[in-house]
Every structure is written in C-alpha cells, then in structure tokens.
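Protein chains in written order, with our numbering: chain A, 1 to 120; chain B, 1001 to 1552. The beta carbon of each residue, even a glycine, is placed where N, CA and C say it ideally should be. Here the structure is a predicted model, which is why all the values come from computation and not from measurement. Note sheet for the following structure.
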Amino acid sequence: MAEQQHTNAHHHGDRHTHISRGTYYRVFVALMVLMVLTVAAWWVEKNLLHIPGWLAVTIAMSIAIAKTVLIVLYFMHVKISSRMTQVYAAGAFVWLIILFVITMGDYVARGWPPQPGPLP
Amino acid sequence: MSTISLPQSSYIRDNSRTFIDWLKSWLLTVDHKRIAILYLLSINFFFLLGGLAATLVRVELITPQGDLMSSDVYNRAFTLHGVIMVFFFLIPSIPAVLGNFLVPLMIGARDLAFPRLNLLSWYLYMIGGIFALIAAVFGGVDTGWTFYTPFTSTYSNSNVVMSITGVFIMGFSSILTGLNFIATIHKMRAPGLTWFRLPLFIWANYATSIIQILATPVLGIALLLVIVERVWGVGIYDPALGGDPLLFQHLFWFYSHPAVYIMILPAMGVISELISTFSRKRIFGYEFIAFSSIAIAILGFLVWGHHMFVSSQSVYAGLIFSFITMLVAIPSAIKVFNWTATLYKGSISYRTPMLYALGFIGLFVIGGLTGIFLGVTAVDLHVTDTYFVVAHFHYVMVGGTIMAYLGGIHFWWPKMTGRMYNEIWGSIAALIIFVGFNMTFFPQFILGYLGMPRRYHVYPPEFQILHVMSTAGASILAIGFIVPLIYLAISLRKGAIAGDNPWGATGLEWKTSSPPPTFNFDKTPIVTEEAYAYPPEAAERDAASWRPGSPL
Chain A
1 MAEQQHTNAH
11 HHGDRHTHIS
21 RGTYYRVFVA
31 LMVLMVLTVA
41 AWWVEKNLLH
51 IPGWLAVTIA
61 MSIAIAKTVL
71 IVLYFMHVKI
81 SSRMTQVYAA
91 GAFVWLIILF
101 VITMGDYVAR
111 GWPPQPGPLP
Chain B
1001 MSTISLPQSS
1011 YIRDNSRTFI
1021 DWLKSWLLTV
1031 DHKRIAILYL
1041 LSINFFFLLG
1051 GLAATLVRVE
1061 LITPQGDLMS
1071 SDVYNRAFTL
1081 HGVIMVFFFL
1091 IPSIPAVLGN
1101 FLVPLMIGAR
1111 DLAFPRLNLL
1121 SWYLYMIGGI
1131 FALIAAVFGG
1141 VDTGWTFYTP
1151 FTSTYSNSNV
1161 VMSITGVFIM
1171 GFSSILTGLN
1181 FIATIHKMRA
1191 PGLTWFRLPL
1201 FIWANYATSI
1211 IQILATPVLG
1221 IALLLVIVER
1231 VWGVGIYDPA
1241 LGGDPLLFQH
1251 LFWFYSHPAV
1261 YIMILPAMGV
1271 ISELISTFSR
1281 KRIFGYEFIA
1291 FSSIAIAILG
1301 FLVWGHHMFV
1311 SSQSVYAGLI
1321 FSFITMLVAI
1331 PSAIKVFNWT
1341 ATLYKGSISY
1351 RTPMLYALGF
1361 IGLFVIGGLT
1371 GIFLGVTAVD
1381 LHVTDTYFVV
1391 AHFHYVMVGG
1401 TIMAYLGGIH
1411 FWWPKMTGRM
1421 YNEIWGSIAA
1431 LIIFVGFNMT
1441 FFPQFILGYL
1451 GMPRRYHVYP
1461 PEFQILHVMS
1471 TAGASILAIG
1481 FIVPLIYLAI
1491 SLRKGAIAGD
1501 NPWGATGLEW
1511 KTSSPPPTFN
1521 FDKTPIVTEE
1531 AYAYPPEAAE
1541 RDAASWRPGS
1551 PL
C-alpha cells in the first residue's frame, strides 16, 4: 500500500509528498533519546545538582519543544505539505502564542504567590 | 424546471427495497445533504430537550419560594439547559445543518471535500450527545455549563466526568466540520467563483470554521485536565495541589468566548442572504461584510478576559480586555449598517424568512449594545452574575442565532424538501416568537439591574412580577417554536411544489432542482457574475409589478 502511494506520488510529478520509512525510524529514535534526556534532566536535578528553577524549566521546555517540532514536521507531514497547509499550521501556533501571552500577562500583573507549589 | 411535480430523482428518493436498506442508506450516507437532514433532526431533538429544562427553570421562578424543586435539583435543571443548548444546539445548529446542506451547493461542488469525515462528525455529535444524556438521566450535573473549577474538580458530587466527556467528544465533531468547510471552500469552488463572488454565507462559515479548529482543542484540553485532576488528583486547578483555579477560566473562555461567534457568525451569513433576496438588491458593502466576519473571528480571540472581570484577574488585564471588547463593536456595527443600507430603496417583501431577518437585526442590536454595558468594567462590577447578563446573552444567542436558524430553515425549506410551507402560519409563528422572546427576556434586563442574581431559585418577593412576566413570555415563545414543527411537518406531504427557485433569488443553490440530485449539479456550473447580482433596477421593477397574492 505504502509502495503504491509512493509510486502514485511520483506519477503526479509531486516531488514533495513522501517521507521515507528510514526517516520515520530516525525521528522515532530521536524522540526516544529526547525522552531519556527529559527523565535524565529530572533525575540530575533531584539527585545530583541543585539547578535553579528557571534553568530547570528552560531545559525541560527546550526538550519538549524539540520533540514537538519533530512530530509536527515529520509525523504530521507539515514539512512536505503545501504552503497553504503550512500557513494554517503556523497560524495555529500564532493563536497558541495569543493564549499564552495574554494569560501570562494576567499572571505577571497579579504577581506570583510568595510560595509556589502545593499549600502546606 | 417543472413546477407541477417533484423531480424524478433527488437526494431524498432512493431505490431501497426493505426498511433496513432504507435505514442503511441514511445512516451510512456520505451525501452532505442527507447528513444535514440527520443533523437537523438530532439538533432539533436536543433543542426541545434544552427547552424542557428551560421550562422547569421558568416554572420554578414563578414564585419567590423554592417550592417546585430543591436548590440542588434547580442547579441540575439550569445546567442541563445550558449544556444542551450551548454545546448540542447553538454551536452546531447553523454550520452543521444549513452549512452542511448549502456550502457545496453554493460553491457549485458535488459534495464536501471529505464526505466520510462529515459522516464521522455526525456520529461524534451523537455519541457526545448520548454521554450528556446519560449524565442527565443518572442524576445530572450541578456545576453550570461553565464547569468552573475548583467546584468541578473537587467538591461537586454529580456526573461531572460523564458530562465533560460528552462535551469533549462533541468538540471533535465541531473541529471536523470546520476542517471540512475550510478545505472545501479553498479547493472546490466552481470555475469562475472567485473569493469575492462567494455568497456571504460562505464567508461567514469560513470565519466560523477558523474559530472551530483553532479554539475547540483548547476547550477539549481544559476539560480533559478537569477530569485528570478530579480522577487522579493531579494538581492543575486546585490550589491545595499547587494549581490555579483561574487558569481554568482563562482556558475555558479562550474557547467559549469565540464560541459565541461560532454561534452568531453563520447566523449573520444567513441574514445577509435573506436581506438581499427579499429587498431585491445587491448587498450594500459586500467586501465590508465579508471582512467584518474575519475581523470578528480574529478579535473574538482577544477578549475572553471580559468574562473574568471580578474573578481576581488583575485589573490591568481587565482594562486591556475591556478596551479590546469595545473594538468588536466595530465589525458588528458594520454589518448592521450595511444590512440597513441594503434595505434602503429595496423592494421589501415581508415573507417569513424576512420577518426573522428583521427580527434578528432588532434583537441583535439590543443584545450587542447591552454587551457594551457589560464590557465596561465599572458597569460590569454592578451587574456581574445577575439576570442582566442572562438577558444579554439570550438576546445575542437566542435572538441572534435562533432567529437566523429559523429564518434560514424557512428560506431553504423549499430547496431541502421541494415543497413550500404555509406562509400565513409561517408569518404568525415568526411574530409569536418575536413577541414571546421580548416578553421573556426584556424583564430580565430590569431584574438584573435591580440586583436579581442568576442561578438562584429563591428571590425577594418584589421581583416576582418581573419573573412572572418572563415566564409568561416563555410560554408564548414555546408556542412559537411548536407551531413551525406542525406546519413544516404538514408541508412535507401537502405543501405546494416549490420549483427550482421560488424566491427568484440569485446563488448557485437555486440553479439546481428542488430537492437537488445526489451530486447537486448535472453539469459543473460556471460562474460569470458576482453574488447577489440583482440588476440595479430590480427593486423598482419588482415593486411596480407587485400584486396581492404574488409569490413575493
């Protein structure tokens, strides 16, 4: 089935419509490595080093963003999609930024609680 | 073209021999018109159910004492009303019924881009609805349709998880419909049908679809997190676990404010069609109406915090939200002024759909202007969580969406069924609904301004007169909704044969037979003119040739 789709795509002369199986596996391996990194970062913070909160969050977020980008580009086929689809995908992130920025605007203006985390 | 009998083959007729075959031909159909009919039946069922819950609420409020039901049962009654009406009636009503039926017809396509996905979206709607019904039958839910935390995620002992699951599943139905419309409108327009020749109903549905696919996932995740906190005790909204209850309100209103525009934008699209047709004029300011839909869709995402002015949101955020809220008035007013300008010097005929359209304009203006009261933080502090808010959003959502839904159903009824409804009963019902609606909800503005809080079933005796007026209006409104059910059902057998274009309207949907064949057009139409291409003298000619009893 995959083979057939492959040849069909080539028949239509559309060179951007296929991601090879090898790429899928490589992306999968990359995601697994990132997952291990996530857990490792948590373990290091808990057992070995004292990492300041802002740095720990930055590291965790960077790994999460890297995973998201891989999934969106390869597994969700945005990398090989038409420009219109890419515009829509980018638009969704612009909307996500609206949600984050305005919500965080409220949080910053309200001031952070003196002691974040569960109540004692 | 014959106006004596219905066409030999159409999407309604089929050759199934047995009942099972017939049932399969409907439940497994991928025809957008049949799916629209499935939606029409199921959405109207939920509308009646939501109406029953509203009846319970209004009957309880006749007396100041809580004598018909306990406060707990009352909570469940208004929550049932809210959840059913918002998620299972208002949001899908116009896009899923009229949009499904009309988008391919209006753009000259054979079907939507993804017909199977379309059927899936109906099934998801039904599954979500069944979850909500089960939750209602097994004790109901007492949180209000907004599912505010920390009540939902901690204290409430009603069927929160079941209800939320229903809404979560229904959300996917909404997303799939939006996705389908966007792909269809981009890819499947007939030759010559450029963006600025599209009917304004298509523009409105396009703007709605953008909201559906960008906002609904946020609601889904926000509600899923309520379940995660409630079932597994993960701290997201509960301060005792390190969460923040206000986060839920941010996420919830990020969807639920744009959701108001999911309800009203397609309604505005319907009104543009009706006003133009029954004034015999091309629409005034086509581009302005088209772009104001897009502007509303975008601005709608930036104003959610006006639902949170008193929720301990920071005052700075409140001020910004208040300011942006005022901006929404601009595109809304552009539409109203353009419709009014279209009426000017038109040859106006007061057919049933037009009565609904004119009713829409009046009610939407009242609903919209009271929205400005609520957008001003100083006034909002006074009327937050009072009946003023209840009256405001019913004017926008019921006065807006339901008027347009009914107007649209009447306008396209001959196209859907091939038969005309009874015009006299149609006009009477439209007037009953208009009167009943105002009598129900106008007293609620006064009640709210005097301080009657929403969601209370016991109130001081001095409010009784206004509550009784409101309940009396609701009974009139109920009659107004039942009458069309009767004459529309009768018209299916006895209505006069409509012919292809009973209204003399423009638009591709009127160029095919009524009811249309399965694939809509025998030959792909080629579009060479703009939408609403009534010649400049059409209104004058129409007025000059008018005689009593003429169809228009």
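Tell me the DSSP secondary structure of B:ILE1409 in three-state form. As a first step, residue 1409 of chain B is located in the second sequence; it is residue number 409 there, counting from the start. In this structure, B:ILE1409 counts as helix in the three-state DSSP scheme.
Integer-rounded CB distance, given that B:VAL1167 should sit under 8 Å from B:PHE1087: The count along the second sequence starts at 1 and reaches residue 1087 of chain B at position 87. The count along the second sequence starts at 1 and reaches residue 1167 of chain B at position 167. Sure, about 5 Å apart at Cβ, within 8 Å.
Quick one: using the 10 Å Cβ neighbour count with 16 as the cut-off for buried, is B:LEU1488 buried or exposed? Along the second sequence, read from residue 1 onward, the residue named residue 1488 of chain B stands at position 488. So B:LEU1488 counts as buried.
Going by DSSP, what residue range makes up the alpha helix (DSSP H) through B:GLN1008? Here residue 1008 of chain B corresponds to residue number 8 of the second sequence, with the count starting at 1. Per DSSP, B:GLN1008 belongs to no alpha helix (DSSP H) and is neither H nor E.
Residues in its own chain within less than 7 Å of B:TYR1011 by CB, not counting five upstream and five downstream? One-based indexing of the second sequence puts residue 1011 of chain B at position 11. Excluding residues within five positions, the ones whose Cβ falls inside 7 Å are ASP1031, LYS1033, ARG1034, PRO1515, PRO1516, PRO1517 and THR1518.
Which of the three DSSP states is assigned to B:PRO1104 in this structure? Reading the second sequence from its first residue, position 104 is the one you call residue 1104 of chain B. Correct three-state label for B:PRO1104: helix.
Can you find a CB in chain A that lies within less than 8 Å of the CB of B:TYR1405? The residue given as residue 1405 of chain B occupies position 405 in the second sequence. Cβ-Cβ to chain A under 8 Å: no for B:TYR1405.
Positions along the region 97 to 109 of chain A whose CB lies within less than 9 Å of some CB in chain B: ILE98, LEU99, ILE102, THR103, GLY105, ASP106, TYR107, VAL108 and ALA109
Spell out the partners DSSP gives B:ILE1497 in its beta bridges. Numbered from 1 along the second sequence, position 497 holds the residue referred to as residue 1497 of chain B. Answer is B:ARG1419.
Short check: CB of A:VAL78 to CB of A:THR68, under 8 Å? Translated into positions along the first sequence, residue 78 of chain A becomes position 78. Translated into positions along the first sequence, residue 68 of chain A becomes position 68. Their beta carbons are not under 8 Å apart, which means A:VAL78 does not touch A:THR68 by this criterion.
So, using beta-carbon positions, are B:ALA1295 and B:LEU1200 closer together than 8 Å? Here residue 1295 of chain B refers to the residue found at position 295 of the second sequence. Here residue 1200 of chain B refers to the residue found at position 200 of the second sequence. Against a cut-off of 8 Å, the Cβ pair of B:LEU1200 and B:ALA1295 comes out as no contact.
Mind checking if B:GLN1212 is an interface residue toward chain A, Cβ cutoff 8 Å exclusive? In the second sequence, residue 1212 of chain B corresponds to position 212, counting from 1. Chain A contact via Cβ: absent.
Less than 8 Å between the C-beta atoms of B:SER1163 and B:ASP1142, yes or no? Locating residue 1163 of chain B in the second sequence gives position 163, counting from the first residue. Locating residue 1142 of chain B in the second sequence gives position 142, counting from the first residue. No.
Uninterrupted alpha helix (DSSP H) stretches inside the region 1180 to 1239 of chain B (no shorter than 4 residues): 1200 to 1232
How about the region 1436 to 1456 of chain B and the region 1380 to 1399 of chain B: do they share at least three Cβ pairs that are nearer than 8 Å? yes
Starting from the Cα of B:GLY1108, find the closest Cα among B:VAL1160, B:ASN1044, B:ILE1175 and B:MET1188 and give me that residue. As a working mapping, residue 1108 of chain B is identified with position 108 in the second sequence. Closest option to B:GLY1108, Cα to Cα, is B:MET1188.
Check the Cβ of A:TRP95 against every Cβ in chain B and list those closer than 7 Å, keeping chain order. By 1-based counting over the first sequence, the position of residue 95 of chain A is 95. Near A:TRP95 (Cβ distances below 7 Å), the residues of chain B are LEU1214 and PHE1301.
Answer yes or no: do B:LEU1265 and B:ALA1240 have a C-beta to C-beta separation smaller than 8 Å? For the purposes of this step, residue 1265 of chain B is identified with residue 265 of the second sequence, where counting begins at 1. For the purposes of this step, residue 1240 of chain B is identified with residue 240 of the second sequence, where counting begins at 1. Their beta carbons are not under 8 Å apart, which means B:LEU1265 does not touch B:ALA1240 by this criterion.
Is any beta-carbon of chain B found at less than 8 Å from that of A:ALA56? Position 56 of the first sequence, counted from the first residue, corresponds to residue 56 of chain A. Judged by the 8 Å Cβ criterion, A:ALA56 is not in contact with chain B.
Under the rule that 16 or more other beta-carbon atoms within 10 Å means buried, what is A:ALA2, buried or exposed? Indexing the first sequence from 1 puts residue 2 of chain A at position 2. Residue placement at A:ALA2 is poorly supported in this model, since its pLDDT is 43, which falls under 50; the coordinates are not used for a value here.
Give a yes or no on whether 8 Å exceeds the smallest Cβ distance from B:MET1250 to chain A. Taking the second sequence and counting its residues from 1, the one referred to as residue 1250 of chain B is at position 250. Note that residue 1250 of chain B is His in the sequence shown, not Met. Yes, because at least one Cβ of chain A sits closer than 8 Å to the Cβ of B:HIS1250.
Along the chain, where does the alpha helix (DSSP H) that runs through B:LYS1024 open and close? Within the second sequence, the letter at position 24 stands for residue 1024 of chain B. Here the alpha helix (DSSP H) through B:LYS1024 covers 1019 to 1027.
Rounded straight-line distance, which links the Cα of B:ALA1472 to that of A:SER82: Residue mapping note: residue 82 of chain A aligns to position 82 of the first sequence, counting from 1. Residue mapping note: residue 1472 of chain B aligns to position 472 of the second sequence, counting from 1. A:SER82 and B:ALA1472: Cα-Cα distance of roughly 57 Å.
Please list the residues of the region 1311 to 1322 of chain B that have a C-beta atom closer than 9 Å to any C-beta atom in chain A, keeping them in chain order. SER1312, GLN1313, SER1314, VAL1315, TYR1316, ALA1317, GLY1318, ILE1320 and PHE1321
Give the straight-line distance between the Cα atoms of B:GLY1359 and B:PHE1434, rounded to the nearest whole angstrom. To locate residue 1359 of chain B, count along the second sequence from 1; it is residue 359. To locate residue 1434 of chain B, count along the second sequence from 1; it is residue 434. Rounded to whole angstroms, B:GLY1359 to B:PHE1434 spans 7 Å at the Cα level.
Write down every uninterrupted run of the alpha helix (DSSP H) in the region 1267 to 1351 of chain B whose length is 4 residues or greater and which is fully enclosed by it, in chain order. 1286 to 1299 and 1315 to 1343
Just to confirm my understanding: we take B:ASP1244, look at its own chain, exclude 5 residues before and 5 after, and list those with CB closer than 7 Å. What are they? If you number the second sequence from 1, residue 1244 of chain B lands on position 244. TYR1237, listed in sequence order.
Cβ of B:VAL1328 less than 8 Å from any chain A Cβ? Position 328 of the second sequence holds residue 1328 of chain B. With 8 Å as the cut-off, B:VAL1328 does not count as an interface residue toward chain A.
In three-state DSSP terms, what is B:PRO1443? One-based indexing of the second sequence puts residue 1443 of chain B at position 443. Three-state DSSP puts B:PRO1443 in a helix.
Would you say B:HIS1186 lies against chain A (beta-carbon separation less than 8 Å)? Sequence index remark: in the second sequence, residue 1186 of chain B carries index 186 (1-based). By this cut-off, B:HIS1186 is an interface position.
Report the three-state DSSP secondary structure of A:HIS11 (helix, strand or coil). Numbered from its first residue, the first sequence carries residue 11 of chain A at position 11. Here the model assigns A:HIS11 a pLDDT of 45, short of 50, so the residue's position is not dependable, and the following value carries that caveat. Reduced to three states, the DSSP call for A:HIS11 is helix.
Inter-residue Cα distance where the pair is B:TYR978 and B:SER1513: What is shown of chain B runs 1001 to 1552, which leaves residue 978 of chain B out entirely.
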